Each structure stands twice: as C-alpha cells, then as structure tokens.
Amino acid sequence: MRHGRKVNQLGRTTAHRHAMLSNMASSLILHKRITTTVAKAKALRKYVEPMLTKSKEDTTHSRRMVFAALQDKESIKELFGNISSKIASRPGGYTRILKLSNTRLGDNAEMCIIELVDFNETLLAAKSAAAEKATTSTRRSRSRRKSSGAATGEAATSAVEVTDEAVAPAATVETSAPADTATETVKDGESRDEAKADEAGA
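Counting in the numbering used here, the sequence shown runs from 1 upward without gaps.
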C-alpha cells in the first residue's frame, strides 16, 4: 500500500526509475507521443513538465540542467528548438494523457497515450474549425434577423397601402350615398311644395 507516499516507486529502484523516466522523456520529446501504462504516464508527466518549462529560457544553465536529466543531445536540440517555440505562450499543462480501452495482455495493466498538447494537429484543427463555425453561425443568425425584419417591414407597408386602397372606394360610396339621399329629399320637398301650391290655387 502507498499510504502517504507522494512518489510512485513503480516497483523499481531509484536508479532504475530515473533511467527509465529519462528514456521515456527523450522518446516523448523526439516522437511527441508514446504509448505506455497509466502509472508510468502519470510519473512521466511530473518528470518532464518541469523540463519543458525550463526550455522556455534558452540559457546555458537551462540546457545543462535538462541535459543532466536526459543525457541525449538530439532530444535537447529538439526541446530547445521546435518545442520551446510552440509552448512559449502556454502557462503549463504541456502534456495530455488519453486512456485506451484495451489493456496489456500479460498483466492486464491499463494502457494510455501521453502526448504533447501543441503537437496534436487533429485536435487543433477540430478546435479551430469549431471556433470558425461558431463565429459564422452568429453572423448568419444576425443577417437572418435583419432580412426577416426588412421583410416584415415591407409586408407592413404593403398591408397599409392595401388597406388605404380598400378604404378609399368605401369612403366615396358612403359620401355618394348621402348626396343621393339629399337630392331625393330635395326633390320630395319640391314636389310637396308644388302639391300645396296646386291645392291653394284650386
């Protein structure tokens, strides 16, 4: 049981463990991703991330500190050349652990992939595509709203014009109807006056 132990011994002596982690760190720096067990990947993450932070300052002291742990000139060249420029803006969290569904045949140990975050081109492309889609979708929705608003405005103006046209004949009909009745009343009045005059003459 590992009660209170902060360092996973991984079933090895100190010298063996440091040599193994050094080789795994060199492989990770050169190949950008490796497949290993979950326990080793978690131990490697604690081991390699301080080196990645040191690589941001390309000084003689930093190179000597990292070389003391790795003992590999090719991995030092790759670390201080390509990797340091890519992780310059990242404030930590340089590695990612992706657990695999299959287990190791011999002892059924959980397997995983540990990789450098900034070198997974598939996930970076997917993130950029999602960001572009989000920005374009908001722009489309705004344009749709504007076009729908313009369409409703045009419909409202056309409706107003139609109602005005429909109301105008009705008004003329109403105004003409009282005029006819007025003429009729005038004619009726004249005929009554004539009738009265005839009776008076008789």
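Note that beta-carbon positions come from the ideal geometry of N, C-alpha and C, so glycine has one too.
For clarity, every value in this text was computed on a predicted model and none was experimentally measured.
Tell me whether the beta-carbon of residue i lies closer than 7 Å to the beta-carbon of residue j.
i       : j       : result
Ile-114 : Ala-43  : no
Lys-54  : Phe-119 : no
Ala-109 : Thr-37  : yes
Arg-45  : Thr-95  : yes
Ser-27  : Asp-72  : no
Lys-133 : Cys-112 : no
Among the residues of its own chain, which have a CB less than 8 Å from the CB of residue i, if the five just before and after it don't count?
i       : result
Lys-127 : none
Leu-30  : Glu-74, Ser-75 and Glu-78
Ala-88  : Lys-56
Gly-206 : Nothing can be reported for residue 206, as the shown portion of the chain is limited to 1 through 202.
Ala-103 : Here residue 103 is Thr; the residue named in the question, Ala, does not match the sequence. So the qualifying residues of the chain are Ala-109, Glu-110 and Met-111.
For residue i, collect the residues of the same chain with a Cβ closer than 7 Å to its Cβ; drop the 5 residues on either side in sequence, then sort them by chain order.
i      : result
Phe-80 : Ser-55, Asp-58 and Arg-63
Leu-10 : Arg-17, Ala-39, Lys-40 and Ala-43
Among the residues of its own chain, which have a CB less than 6 Å from the CB of residue i, if the five just before and after it don't count?
i      : result
Lys-86 : Asp-118
Gly-4  : none
Met-24 : Leu-44
Is it buried or exposed for residue i, if we count other Cβ within 10 angstroms and need 16 for buried?
i       : result
Leu-123 : exposed
Leu-105 : exposed
Met-51  : buried
(message) With three or more C-beta pairs closer than 8 Å as the rule, is the segment 8–20 touching the segment 60–68?
(response) no
(message) Quick check for students: name the residue ranges of the beta strand (DSSP E) that lie wholly in the segment 46–127, counting only runs of 3 or more.
(response) 95–103 and 110–116
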